[in-house]
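Some notes on the structure that comes next.
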Amino acid sequence: MVEIELLPVMSDNYVCLLFDPATGTSGVVDPGAAEPVLARLSDLGRGLDWILLTHHHADHTGGVPVLRRETGARVAYSRGDTGRIPGIDGGTDVALGEGDRLGFGEAVFHVLETPGHTRGHVSFWLSGEDAVFCGDTLFALGCGRLFEGTPEQMWRSLSKLAALPPATRVYCGHEYTESNARFALAVDPDNPELRRRAEEIRALRGRGEPTIPTTVDLELRTNPFLRVNDPAIRRHLGMEDADEVAVFAELRARKDRF
Ligand code: ZN
Ligand code: FE
Numbered sequence: 016m017v018e019i020e021l022l023p024v025m026s027d028n029y030v031c032l033l034f035d036p037a038t039g040t041s042g043v044v045d046p047g048a049a050e051p052v053l054a055r056l057s058d059l060g061r062g063l064d065w066i067l068l069t070h071h072h073a074d075h076t077g078g079v080p081v082l083r084r085e086t087g088a089r090v091a092y093s094r095g096d097t098g099r100i101p102g103i104d105g106g107t108d109v110a111l112g113e114g115d116r117l118g119f120g121e122a123v124f125h126v127l128e129t130p131g132h133t134r135g136h137v138s139f140w141l142s143g144e145d146a147v148f149c150g151d152t153l154f155a156l157g158c159g160r161l162f163e164g165t166p167e168q169m170w171r172s173l174s175k176l177a178a179l180p181p182a183t184r185v186y187c188g189h190e191y192t193e194s195n196a197r198f199a200l201a202v203d204p205d206n207p208e209l210r211r212r213a214e215e216i217r218a219l220r221g222r223g224e225p226t227i228p229t230t231v232d233l234e235l236r237t238n239p240f241l242r243v244n245d246p247a248i249r250r251h252l253g254m255e256d257a258d259e260v261a262v263f264a265e266l267r268a269r270k271d272r273f
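In structure tokens, the structure reads:
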């Protein structure tokens with residue numbers, strides 16, 4: 016089993032450290048900063064073989080140049096981000112797209128293209144391990160802002176993640192859950208499971224603990240951005256007969272103003 020450790024960096028970013036004990040393979044997902052990663056690797060007595068990047072934003076890639084230089088790790092990134100990430104070396108790093116696979120020790124990452132937040136955004140699914148790293152696409156109780164993509168693209172990307180096995184653990188790029196919960200309750204106020212979850216989230220954050228990972232199953236039952244076909248949410252929006260993308264676009268626009 017690949018061991019996964021969350022490393023909070025900067026104000027609300029999560030970096031994930033990965034380790035395959037069978038082979039000693041070590042990796043990191045979305046290192047927005049190098050120093051905390053190097054410090055933790057040194058505590059653990061580990062090197063670094065792979066840097067996986069979901070998208071080009073600096074809060075997910077800022078640590079790449081120093082980490083490459085200090086550890087010699089190779090970078091796996093989206094083909095759609097070619098030329099947009101400082102510190103990439105075309106000779107040793109690998110550009111990936113939909114359907115590509117990346118061996119990680121005894122495990123395999125499957126690449127899913129999940130555009131919408133950015134046009135080149137990808138997610139990495141560890142199929143045998145029930146875990147997905149989805150950057151700023153799907154958040155706990157929310158989803159990423161549409162900086163470079165259309166509502167239709169984002170809806171398709173979220174649907175792809177929602178179709179993974181229900182037990183899949185979802186590792187997203189930010190701790191935004193508490194404010195996402197406030198919006199979710201505003202549009203889906205009578206969802207008992209959401210209300211219960213919002214309480215748990217408040218308690219976790221009150222103790223300074225992460226709300227990540229979440230699971231596909233939990234998001235399907237409580238995340239309004241995956242629940243665009245829910246009759247109560249549609250009624251709340253006055254969009255009973257609208258198509259899925261229109262409901263999604265309305266939710267995203269309301270969240271932007273919330
Ligand atoms: Zn981003
Ligand atoms: Fe981000």
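Residues 16 to 273 in my numbering are what the sequence shown lists, from first letter to last. Cβ atoms here follow ideal geometry from the backbone N, Cα and C, with glycine treated the same way. Remember, predicted model here, so these are calculated numbers, not experimental data.
What residues sit near the ligand FE, counting only those whose C-beta is closer than 6 Å to one of its heavy atoms, in chain order? Those residues placing their Cβ nearer than 6 Å to any heavy atom of the ligand FE are, following chain order, H72, D74, H75, D151, G188, H189.
From P180 to S174, what does the alpha carbon distance come to, in whole angstroms? The straight-line gap from Cα to Cα measures roughly 12 Å.
Ignoring anything shorter than 4 residues, give me the alpha helix (DSSP H) runs that lie fully in the region 122 to 183, in order along the chain. List check, alpha helix (DSSP H) in window: 166 to 177.
Give, in chain order, every unbroken run of the beta strand (DSSP E) that is at least 3 residues long and sits entirely within the region 48 to 134. Runs found: 65 to 67, 89 to 93, 109 to 111, 116 to 119, 122 to 128.
Delimiting residues of the alpha helix (DSSP H) encompassing E265: Counting along the chain, the alpha helix (DSSP H) containing E265 begins and ends at 259 to 272.
What do you reckon, are the CB atoms on D232 and A182 nearer than 9 Å? A distance below 9 Å separates the beta carbons of D232 and A182.
Drop a sphere of 10 angstroms on the beta-carbon of D203, count the other beta-carbons inside from all chains shown, and report buried for 16 or more, exposed for fewer. D203 is buried by the Cβ-count criterion.
What number of angstroms, rounded off, separates the C-alpha of S26 from the C-alpha of P51? Straight-line Cα distance between these residues: approximately 13 Å.
Is the beta carbon of A196 less than 9 Å from the beta carbon of I227? It is not a contact, given that the beta carbons lie outside the stated cut-off.
Identified DSSP bridge partners for F34: Under DSSP, F34 shares a beta bridge with E18, S41.
Less than 8 Å between the CB atoms is what I'm expecting for F154 and H132, so what's the real figure, rounded? Their Cβ separation, rounded to whole angstroms, is 10 Å, which puts F154 and H132 out of contact at 8 Å.
Can N28 and E190 be called in contact, C-beta distance under 9 Å? Yes, the Cβ-Cβ distance between N28 and E190 is below 9 Å.
Give the secondary structure of V185 by DSSP, where H, G and I count as helix, E and B as strand, and everything else as coil. Strand.
Validate contact between the region 31 to 47 and the region 106 to 120 using beta carbons, cut 8 Å, 3 pairs: Under the Cβ criterion (8 Å, minimum of three pairs), the region 31 to 47 counts as touching the region 106 to 120.
Just to check, is the beta-carbon of T133 closer than 8 Å to a non-hydrogen atom of the ligand ZN? For the ligand ZN, at least one heavy atom lies less than 8 Å from the Cβ of T133.
When we look at the beta-carbon of T152 and count the other beta-carbons within 10 Å, is it buried (16 or more) or exposed? That one is buried.
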